[in-house]
Amino acid sequence: MVVMWHVRSGNPRHGLSSVTACLVLKEIDMSAVETSKKSEVVAQFARAANDTGSPEVQVALLTTRINELTVHFKAHTKDHHSRRGLLRMVSRRRKLLDYLKGKDADRYRALIEKLGLRK
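In UniProt numbering, the protein residues as written are 1 to 119.
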């Protein structure tokens with residue numbers, strides 16, 4: 001809301017307002033990209049039309065987030081707080097994979113092959 005006021009005011013003392021507005025708009029665009037990427041992943045790994053909670057979908061979503069964070073850590077090596085979140089996601093993915101392996105080994109193998117998790 002403050003950004004909108006600065007952009008409309010045209011006050012010369014707020015020289016950074018246009019830069020701030022650009023940063024906010026870029027952030028909004030990035031969230032839209034993430035939403036579309038998430039829906040693509042859900043559509044690709046869904047077992048039925050409205051499936052968003054199957055282990056396959058959950059593991060695929062966690063894998064995409066883990067891969068994005070891995071790129072982040074190459075640039076920000078000292079970001080230990082986010083690394084804790086990454087380790088939680090990896091652990092959660094491991095538990096979901098263990099559940100799927102015990103429930104249906106064929107689905108587990110197909111998912112591992114599709115995601116390329118095991119070498």
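All C-beta atoms in this analysis are idealised placements derived from N, C-alpha and C, irrespective of residue type, glycine included.
Three-state secondary structure (DSSP) of A43: Per DSSP, reduced to three states, the secondary structure at A43 is helical.
Would you identify the three-state DSSP class for T52, choosing helix, strand or coil? coil
Looking at C-beta atoms only, is the number of pairs between the segment 101-116 and the segment 68-80 that lie closer than 8 Å three or more? Using a Cβ-Cβ distance cut-off of 8 Å, the segment 101-116 and the segment 68-80 are not in contact, since fewer than three pairs of beta carbons, one from each stretch, lie closer than that value.
Can you give me the Cβ contacts of L100 inside the same chain, cut-off strictly under 8 Å, excluding the 5 residues immediately before and after it? P55, E56, V59, R107, Y108, L111
Could you tell me the distance, in whole angstroms, from the CA atom of L87 to the CA atom of G116? 19 Å
Which residues mark the beginning and the end of the alpha helix (DSSP H) in which H81 is found? 80-103
Can you have a look at E63 and say buried or exposed, based on whether 16 or more other CB atoms are within 10 angstroms of its CB? Checking the sequence, you will find Thr at residue 63 rather than Glu. Buried, by the Cβ-count rule.
Using the Cα positions of R65 and V42, report the straight-line distance between them to the nearest angstrom. 13 Å
Counting C-beta neighbours from all protein chains within 10 Å, is the total for R118 16 or more, i.e. buried, or is it exposed? It is exposed - the Cβ of R118 has fewer than 16 other Cβ atoms within 10 Å.
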